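The opening position of the sequence shown corresponds to residue 26 in the working numbering, with each subsequent residue numbered one higher. Note that CB positions come from ideal geometry on N, CA and C, so glycine has one too. For clarity, every value in this text was computed on a predicted model and none was experimentally measured. The next block holds one structure in the form of structure tokens; read it before the comments.
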Amino acid sequence: MCGIFGVLLGPKAPFSLDDLRDSLSRLFTLSESRGKEASGLAVGGKGPVKVLKSPVPATRMIRTSEYREILDSLTPNGLPLGPLAFIGHSRLVTKGHQADNHNNQPVTSGPVTGIHNGIIVNDEEIWQEHGDLARHSEVDTEAVMALTAWRLSQNGGLGSALKKALEEVEGAASVAVLAEDSPVAALATNTGSLYLCEGRTPDLRIFASEGHILDKLMESSRLKRIMGQHVVTQLEPGRGFELNLADFSERPFSFPMNTDRPLGRPGRFMPVTSTFRAPDPPHTDPFSFLKRCTRCILPETMPLIDFDEQGVCNYCRQYTPMVVKDSTGLEELLKKYRSPDGSPDCLAAFSGGRDSSYGLHLLKTQYDMHPVAMTYDWGMVTDLARRNQARVCGKLGVEHILISADIAKKRGNIRKNVKAWLKQPDLGMIPLFMAGDKQFFYWANKVGEQMGTEAVVFCVNPLEKTNFKIGFCRVGKGKNMLPYSMTFWEKMRLAFYYMSRYAKNPAYINGSVSDSVFAFFSSFFLKHDYIMLFDYIRWDEDLINELLIREYDWELAEDTKTTWRIGDGTAPFYNYIYYRLAGFTENDTFRSNQIREGVISRDQGLQLSIEDNKPRWPSIAEYLQLIDLDFSEVMERINSFTPIYSPPEGWEPPGGPFGGPMQPEVLARVR
């Protein structure tokens, strides 16, 4: 989930200090796309390992005097620099706040210092099983370093120690380690997110998390002159090597992947039928006073809805049942891109949710593809989603490219727009809270181009159409469609609606405007020429849930029984607003589509939506904490707004009375 990189030098490397400064500066800058919340550098190979790390982006750290000093101290007598190893890190925070520098990387444990990209999902179990290991931070990386140091103390080499440490790891791990007073470095990966660059120059090797980073690095005229003709290769999943910098001799090793051993804890799996189906006795519908469609469960507050004499809504009357294409057509399509040598042949959009996780599983295990997973982290990808991504990529041995936005800026944009919305609530403007993630489409196209593949795969559930979000803008004519399938004039009407609300509420005119405009362009005008996996495979909720939990120990949220949207930090908040003010959420539209497809009955759909619509208080509180807004103030403000329905006298909606304080039991759950 971070960027790792480094420069490995032997005694014969014709690499000056200026060459090193230039290369490291470029590597830090290029790797910052993978994480901007902290950065660090370790230098080893001669004597003590020197470490510098800071809770700032890489491009800021390399301008500090401390960074300059650590490089200036290397060559009091000029060339040669080697034998030396320089390993760097650009961090996307997943566990352990960056304000505590112990959580930033490189991480040192005893004589071992290292960097790690990925997430170790069993780090707590490792600490419990090895009670004698000293722990100094929250970050999961320390578990790998502590295991490696312990194994090294048992008179093994550094490569052997790292190999044995990774044999105990579950999740995703691409690692580089150094040892105190040793001219040895060791690198390994269980996902393939580690690339090596070598040229004609002896005793010189550069590595990074992405091949594209090395390709961009080699555009430098300085490096072209030094390395000449170069080659970039991927370190295969389950492989590693120990490199003796003194003579640049290499000792490769392999280790068992997650696929070669059981994953997870015994007894974790529960049958899907009891976990994800409506419980007995049935729930009571808190919005039973609303008129609902007699065929699906959409209420009268659904935008642009109307009912015929039988009480059937226009969404049902206009609905065309899905036609799943022949799966052999998918095989023929993928065959055009499948690589014969195992090199990456397609890009899989990977949110960390259930559908993209299942799609990645199918591409790798059923269709014999060699996908690279790609995530755009805009600051609201939940930690749970990140851990599930690590589980899936680690077990499948799939490279994971993570593009990290400026998360502090993105969250600041959300805060500005939520505050603007609270001044003048408008259900049509709620999608502005999610504008920051729409650049996912831009990055999917860009990374696909960088990989040189036209095979970009999206695993979008066709039943998850949430067109009511634009319906509140009076756009869509009550059609059940995906946003990018809108006509040009519908897009223009939507843009006009947004502009009119900006004029009406100037609080929206803030630093987020450019981001919102880019989001609109990415959503509605950027090319969406993707392979849609579920156009060829029928989407089956129970099958997907059961496979992910059984095969990958897929983690569930603690505040809901559904597996949908648990990787999206924004969904609990905006769904509460829709539920409170309109009496329904995207769960109702999803279950209604399942009803129309004959997957579930109307009674089942209603029961499931009632369960799924229960406010997820802990997740809402976490969301507001991330964007630095007070939970009680925001929720009481929302609860004071007049809904678009007319409630019966004495009726109290979920979350507390209109205009009243939050319920004490709710506040108790989020404190």
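_By the DSSP assignment, the beta strand (DSSP E) with methionine 399 in it spans what residues?_
For the purposes of this step, residue 399 is taken as the residue at position 374 of the sequence shown. Here the beta strand (DSSP E) through methionine 399 covers 396-402.
Can leucine 109 and glycine 70 be called in contact, C-beta distance under 7 Å? The residue you call residue 109 lines up with position 84 of the sequence shown. The residue you call residue 70 lines up with position 45 of the sequence shown. Contact flag set, yes.
* For alanine 190, which option in Met252, Tyr522, Asp613, Thr166 has the closest C-alpha, if you only look at C-alpha atoms? -> If you number the sequence shown from 1, residue 190 lands on position 165. The shortest Cα separation from alanine 190 among Met252, Tyr522, Asp613, Thr166 belongs to Thr166.
With distances taken from CA atoms, which of Asp44, Ser79, Phe332, Gly608 is nearest threonine 100? Here residue 100 refers to the residue found at position 75 when the sequence shown is read from its first residue. When each option's Cα is compared against that of threonine 100, the closest is Asp44.
Quick one: what does DSSP say histidine 237 is sitting in, helix, strand or coil?
-> Taking the sequence shown and counting its residues from 1, one reaches residue 237 at position 212. For histidine 237, the three-state secondary structure derived from DSSP is helix.
Subject >> Residues near arginine 317 in its chain [Cβ-Cβ closer than 6 Å; skip 5 each side] >> reply: Here residue 317 corresponds to residue number 292 of the sequence shown, with the count starting at 1. Within the same chain, and ignoring the five residues on either side of arginine 317 in sequence, the residues whose Cβ sits closer than 6 Å to its Cβ are Pro324.
field: Inter-residue spacing [alpha-carbon to alpha-carbon] between glycine 289 and isoleucine 145
entry: Mapped onto the sequence shown, residue 289 falls at position 264. Mapped onto the sequence shown, residue 145 falls at position 120. Below a pLDDT of 50, predicted positions are generally treated as unreliable, and glycine 289, at 46, falls in that range; the measurement from the model is reported next regardless. Going by C-alpha positions, glycine 289 is about 12 Å away from isoleucine 145.
inquiry  = For arginine 14 and lysine 463, what's the separation of their Cα atoms in angstroms?
reply    = Residue 14 is absent from the model: the chain starts at 26 and stops at 696.
Checklist entry - By Cβ distance below 7 Å, which residues in the same chain neighbour glycine 72 in space, the five residues on each side in sequence not counted? => result For this step, residue 72 is matched to residue 47 along the sequence shown. So the list reads Asp206, once near-sequence residues are dropped.
Exercise. On the three-pair Cβ rule with 8 Å, is the region 394-406 touching the region 430-440?
Worked result: Yes: the two stretches touch, three or more of their Cβ pairs being nearer than 8 Å.
Notebook entry, point to check: Of the choices Leu315, Met476, Pro487, Gly31, whose alpha-carbon is the least far from that of asparagine 618?
Noted result: One-based indexing of the sequence shown puts residue 618 at position 593. Nearest of Leu315, Met476, Pro487, Gly31 to asparagine 618, Cα basis: Pro487.
Of the choices Met459, Arg176, Asn129, whose alpha-carbon is the least far from that of proline 597? Along the sequence shown, one-based indexing puts residue 597 at 572. With respect to the C-alpha of proline 597, the residue from Met459, Arg176, Asn129 having the closest C-alpha is Met459.
### Proximity to glutamine 123 [Cα-Cα], best of Glu677, Pro82, Leu158
Looking up residue 123 in the sequence shown gives position 98. Nearest in C-alpha terms to glutamine 123, of all of Glu677, Pro82, Leu158, is Pro82.
Note the first and the last residue of the continuous alpha helix (DSSP H) segment covering proline 643. Mapped onto the sequence shown, residue 643 falls at position 618. Unbroken alpha helix (DSSP H) run through proline 643: 642-651.
Original post:
Are isoleucine 669 and tyrosine 383 touching if we call contact CB-CB under 7 Å?
Top reply: The residue given as residue 669 occupies position 644 in the sequence shown. The residue given as residue 383 occupies position 358 in the sequence shown. No. Outside cutoff.
Q.
Since arginine 518 and valine 500 should fall inside the 8 Å C-beta cutoff, what is the C-beta to C-beta distance between them, to a whole number of angstroms?
A. Here residue 518 refers to the residue found at position 493 of the sequence shown. Here residue 500 refers to the residue found at position 475 of the sequence shown. Cβ atoms of arginine 518 and valine 500 come within 8 Å of each other, at about 5 Å.
With a floor of 3 residues, list each beta strand (DSSP E) that falls wholly inside the region 437-508, ordered by position along the chain.
Residue ranges of uninterrupted beta strand (DSSP E) with 3 or more members, entirely inside the region 437-508 and ordered along the chain, are 481-483.
Quiz item: Any idea if serine 178 is buried or exposed, counting beta-carbon neighbours within 10 angstroms, 16 or more meaning buried?
Solution: Sequence index remark: in the sequence shown, residue 178 carries index 153 (1-based). Flag for serine 178 reads exposed.
Next on the checklist: Looking only at its chain, what residues have a beta carbon closer than 7 Å to the beta carbon of aspartate 310, apart from the 5 residues adjacent to it on each side?
Outcome noted: The residue you call residue 310 lines up with position 285 of the sequence shown. So the list reads Leu631, Ile635, once near-sequence residues are dropped.
Can you give, in chain order, each stretch of the alpha helix (DSSP H) that sits fully within the region 235-269 and has at least 4 residues?
List check, alpha helix (DSSP H) in window: 236-242, 246-252.
At least three beta-carbon pairs within less than 8 Å, the region 654-669 to the region 600-619: Segments in contact, yes.
| Nearest-angstrom Cα distance between glycine 253 and proline 39? | Stepping through the sequence shown from its first residue, residue 253 is reached at position 228. Stepping through the sequence shown from its first residue, residue 39 is reached at position 14. Rounded to whole angstroms, the gap between the alpha carbons of glycine 253 and proline 39 is 12 Å.
Are there 16 or more other CB atoms within 10 angstroms of the CB of tryptophan 514, so buried, or fewer, so exposed? Position 489 of the sequence shown holds residue 514. So tryptophan 514 counts as exposed.
Compare the beta carbon distance of glycine 13 and leucine 329 with 7 Å and say whether it is the shorter of the two. Here the chain has residues from 26 to 696 only, and residue 13 is not among them.
### Message
Could you tell me the alpha carbon to alpha carbon distance between serine 299 and glutamine 629, rounded to whole angstroms?
### Response
In the sequence shown, counting from the first residue as 1, residue 299 sits at position 274. In the sequence shown, counting from the first residue as 1, residue 629 sits at position 604. For serine 299, the predicted structure reports a pLDDT of 37, less than 50, and the residue's modelled location is therefore unreliable. A value from the coordinates is still provided. Each residue's alpha carbon lies about 14 Å from the other.
Next item on the list: Mind checking which residues open and close the alpha helix (DSSP H) that includes phenylalanine 598?
Entry: Residue 598 sits at position 573 when you count from the first residue of the sequence shown. Segment 596-607, the alpha helix (DSSP H) holding phenylalanine 598.
Q. Under the three-state reduction of DSSP, which class applies to methionine 282: helix, strand or coil?
A. Residue numbering aside, residue 282 sits at position 257 when the sequence shown is read from its first letter. Correct three-state label for methionine 282: coil.
Just the Cα atoms here: how many angstroms apart are aspartate 584 and isoleucine 534? Taking the sequence shown and counting its residues from 1, the one referred to as residue 584 is at position 559. Taking the sequence shown and counting its residues from 1, the one referred to as residue 534 is at position 509. Straight through space, the alpha carbons of isoleucine 534 and aspartate 584 are spaced by roughly 35 Å.
- Task: Kindly list the residues whose CB is nearer than 7 Å to the CB of tyrosine 561, restricted to its own chain and excluding five residues on each side of it in sequence; keep chain order.
- Result: Taking the first residue of the sequence shown as 1, we reach residue 561 at position 536. Beyond the five residues adjoining it in sequence on each side, tyrosine 561 comes within less than 7 Å, by CB distance, of Val349, Lys350, Ser352, Gly354, Leu355 in the same chain, given in chain order.
> Say the cut is 6 Å; is the CB of serine 671 nearer than that to a heavy atom of the ligand NAP?
Replying inline: Of ligands this structure carries none, so the ligand NAP is not represented either.
Cα separation between glycine 181 and leucine 388? What you label residue 181 is simply residue 156 of the sequence shown in a count that begins at 1. What you label residue 388 is simply residue 363 of the sequence shown in a count that begins at 1. CA-to-CA, the gap between glycine 181 and leucine 388 works out to about 39 Å.
Check: How about serine 115 and glutamate 57: do their beta carbons lie closer than 7 Å?
Finding: Taking the first residue of the sequence shown as 1, we reach residue 115 at position 90. Taking the first residue of the sequence shown as 1, we reach residue 57 at position 32. A contact, by the Cβ cut-off of 7 Å.
Quiz item: What do you reckon, are the CB atoms on cysteine 418 and proline 396 nearer than 7 Å?
Solution: As a first step, residue 418 is located in the sequence shown; it is residue number 393 there, counting from the start. As a first step, residue 396 is located in the sequence shown; it is residue number 371 there, counting from the start. For the 7 Å CB-CB criterion, cysteine 418 and proline 396 do not form a contact.
Notebook entry, point to check: alpha helix (DSSP H) containing glycine 182: first to last residue?
Noted result: Residue numbering aside, residue 182 sits at position 157 when the sequence shown is read from its first letter. Per DSSP, glycine 182 belongs to no alpha helix (DSSP H) and is neither H nor E.
- Run of the alpha helix (DSSP H) containing asparagine 664, from where it starts to where it stops: Taking the first residue of the sequence shown as position 1, residue 664 is located at position 639. Where asparagine 664 is concerned, the enclosing alpha helix (DSSP H) stretches over 656-664.
query: Which whole-angstrom value describes the C-beta separation of glycine 265 and lysine 188, a residue pair presumed to lie in contact below a C-beta threshold of 8 Å?
result: As a first step, residue 265 must be located in the sequence shown, where it is residue number 240. As a first step, residue 188 must be located in the sequence shown, where it is residue number 163. Contact between glycine 265 and lysine 188 holds: CB atoms are separated by about 6 Å, below the 8 Å threshold.
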